[in-house]
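Peer 1:
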Amino acid sequence: MHKHSVPMQTEDDLGPLACHCLMTRQLARHVSKLYERHMAPTGITSTQFSLLNFLHQNGHLTMNELAAAMLMDRTTLLRAVKPLQRQGLIISVPETEGSRRLMLELSPAGQGKIAEVEPFWQAAQEEYEAQVGPLHAKSLRSDFFNMTHHG
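Counting in this note's numbering, the sequence shown runs from 361 upward without gaps.
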């Protein structure tokens, strides 16, 4: 069997790897794997933890509001939310009495899950910061926020 290898390239000569989109996707996969490895024992993904934490910080939101805030399409959000609802971590409540519009809300069990998962998430945060440096991590987070929320 013939093995293909990627020739060593310098930062100035990346060829196809000079594509910002490709490198960003590779980075996203790398970071996701790091967090998933740390959070695997908790039974929820890093995306699900982010959703729980977002609802914890912001109260109840409609599916559309949560999707917009998380920069996710509704279908992807629904795939992440459904297991959390089945586990009783997120509940749907009417916006007002008699309203058909539903709001997503963190349940008491969801509050407990955040407390359970937080040490695993913190370990992932620390490993990420060890890889890139704490000041660089803060700078990157700020840059990413500005790109995704103001660009």
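The beta-carbon is built from N, C-alpha and C at its ideal position, and this holds for glycine as well.
Quick check: the Cα distance between residue 472 and residue 401, rounded to an integer number of angstroms?
Peer 2: Answer to the nearest angstrom: the Cα atoms are 15 Å apart.
Peer 1: Got a sec? Which residues, its chain only, sit under 8 Å from residue 424 by beta carbon, not counting five neighbours each side?
Peer 2: Closer than 8 Å at the Cβ level, and outside the excluded window around residue 424, lie 434.
Peer 1: Taking the C-alpha atoms as reference points, what is the distance between residue 465 and residue 444?
Peer 2: Their backbone Cα atoms lie some 11 Å apart in a straight line.
Peer 1: Please name the residue, chosen from 451, 376, 384, 395, that lies closest to residue 484 on a Cα-to-Cα basis.
Peer 2: Nearest C-alpha to residue 484: 395.
Peer 1: For residue 465, which of helix, strand or coil comes out of DSSP?
Peer 2: Strand, per DSSP.
Peer 1: According to DSSP, is residue 449 helix, strand or coil?
Peer 2: If DSSP states are grouped into helix, strand and coil, residue 449 belongs with coil.
Peer 1: How long is the line joining the alpha carbons of residue 439 and residue 458, rounded to whole angstroms?
Peer 2: Rounded to whole angstroms, residue 439 to residue 458 spans 27 Å at the Cα level.
Peer 1: Could you compute how far the alpha carbon of residue 419 sits from the alpha carbon of residue 375?
Peer 2: Between residue 419 and residue 375, the C-alpha separation is close to 46 Å.
Peer 1: If distances are taken between C-alpha atoms only, which option among 431, 393, 427, 414 comes closest to residue 487?
Peer 2: Taking only the C-alpha atoms, the option nearest residue 487 is 393.
Peer 1: Pair every Cβ in the stretch 398-415 with every Cβ in the stretch 475-482, then say whether three or more of these pairs are closer than 8 Å.
Peer 2: Yes: the two stretches touch, three or more of their Cβ pairs being nearer than 8 Å.
Peer 1: Hey, could you find the ends of the alpha helix (DSSP H) residue 499 is sitting in?
Peer 2: Looking at the DSSP string, the run of the alpha helix (DSSP H) that includes residue 499 is 494-510.
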